[in-house]
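Chemist: Dropping a structure here in structure tokens format, bear with me for questions.
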Amino acid sequence: MSNQPQNTPQPNTSRPDAEATVNAETGLPTSAPQAGWPQPVDTGPLQVSYRILVNAPASELYPILANPHRHHEVDGSATVQYAKTGPSQLSVGDQFSVAMKMLGLPYTMKLVVTAADENELVEWKHPGGHRWRWRFEDQGDGSTVVTETFDYSWTRHVVARGYELTRRPQDNANGIRASLTRLAGRYL
Numbered sequence: 001m002s003n004q005p006q007n008t009p010q011p012n013t014s015r016p017d018a019e020a021t022v023n024a025e026t027g028l029p030t031s032a033p034q035a036g037w038p039q040p041v042d043t044g045p046l047q048v049s050y051r052i053l054v055n056a057p058a059s060e061l062y063p064i065l066a067n068p069h070r071h072h073e074v075d076g077s078a079t080v081q082y083a084k085t086g087p088s089q090l091s092v093g094d095q096f097s098v099a100m101k102m103l104g105l106p107y108t109m110k111l112v113v114t115a116a117d118e119n120e121l122v123e124w125k126h127p128g129g130h131r132w133r134w135r136f137e138d139q140g141d142g143s144t145v146v147t148e149t150f151d152y153s154w155t156r157h158v159v160a161r162g163y164e165l166t167r168r169p170q171d172n173a174n175g176i177r178a179s180l181t182r183l184a185g186r187y188l
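Counting from 1, position 100 in the sequence shown corresponds to residue 100 in full-length UniProt numbering; the numbering is continuous, with no gaps.
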């Protein structure tokens, strides 16, 4: 029996030779050989969270997400371009800006770090009030359960309603799943 917590996502090795094709609607691969699929996590109302088991220790994964200059390496939403400003290791209170592109339109997003616990958690706040959170749970065997969360419970009611009317939670769910799959795919 495994020493991993119950409900820990497991790599899917049932079809290791499967060709990954992309679903045009979601942008996600139609198969995820070896990496498995991100699993939904109930983190509360007005939050969208998924997790995946990555075959790397938290000490190797955390530096990727705690460095805004590397966020584009795992972004599955195709909106993050590159960091314009910011430190290479985020700490609470740090500010950074990222070049973004959505619907073909470039823009700059200025963000503030709200949590940073080395190898465990990094979170930043968007000007609209919502937060992006990455949590790393080292499994002690060289693997890590990584959870990404879009948390819009911090926004005003009218902003949250606007997000829902424009399908931001669903769109962000697709981006989160793609980002987690992309991160896990680096360590197959």
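Ideal Cβ placement from N, Cα and C applies to all residues, glycine included.
Nearest-angstrom Cα distance between His157 and Asp141?
Modeler: Their Cα atoms are separated by approximately 42 Å.
Chemist: Whose C-alpha, out of Ala184, Tyr187, Gly36, Leu65, is nearest the C-alpha of Ala115?
Modeler: The residue with the shortest Cα to Cα distance from Ala115 is Leu65.
Chemist: Would you mind giving the Cβ-Cβ distance between Gln95 and Gly86, rounded to the nearest angstrom? I have them listed as a contact below 8 Å.
Modeler: Indeed, because the Cβ distance is near 7 Å, the residues count as touching under 8 Å.
Chemist: Write down every uninterrupted run of the beta strand (DSSP E) in the stretch 115-185 whose length is 3 residues or greater and which is fully enclosed by it, in chain order.
Modeler: Correct list: 121-125, 131-138, 144-151.
Chemist: Between Thr43, Thr166, Ala178, which has its C-alpha nearest Arg135's C-alpha?
Modeler: Minimum Cα distance to Arg135 is reached at Thr43.
Chemist: Would you kindly work out how many angstroms separate the C-alpha atoms of Pro33 and Glu148, rounded to a whole number?
Modeler: A caution first: Pro33 carries a pLDDT of 49, below 50, which makes its placement in the model unreliable, though a value can still be read off. Going by the C-alpha atoms only, they are around 21 Å apart.
Chemist: Can you give me the C-alpha to C-alpha distance between Gly175 and Trp132, rounded to a whole angstrom?
Modeler: Near 12 Å, if we compare the C-alpha coordinates of Trp132 and Gly175.
Chemist: Assess contact between the stretch 67-75 and the stretch 40-57, defined as three or more Cβ pairs (one per stretch) separated by less than 8 Å. Is contact present?
Modeler: Result no; under three Cβ-Cβ pairs closer than 8 Å.
Chemist: Assign Ser97 to one of three DSSP states: helix, strand, or coil.
Modeler: Reduced to three states, the DSSP call for Ser97 is strand.
Chemist: Between which two residues does the beta strand (DSSP E) holding Ser49 run?
Modeler: Counting along the chain, the beta strand (DSSP E) containing Ser49 begins and ends at 47-54.
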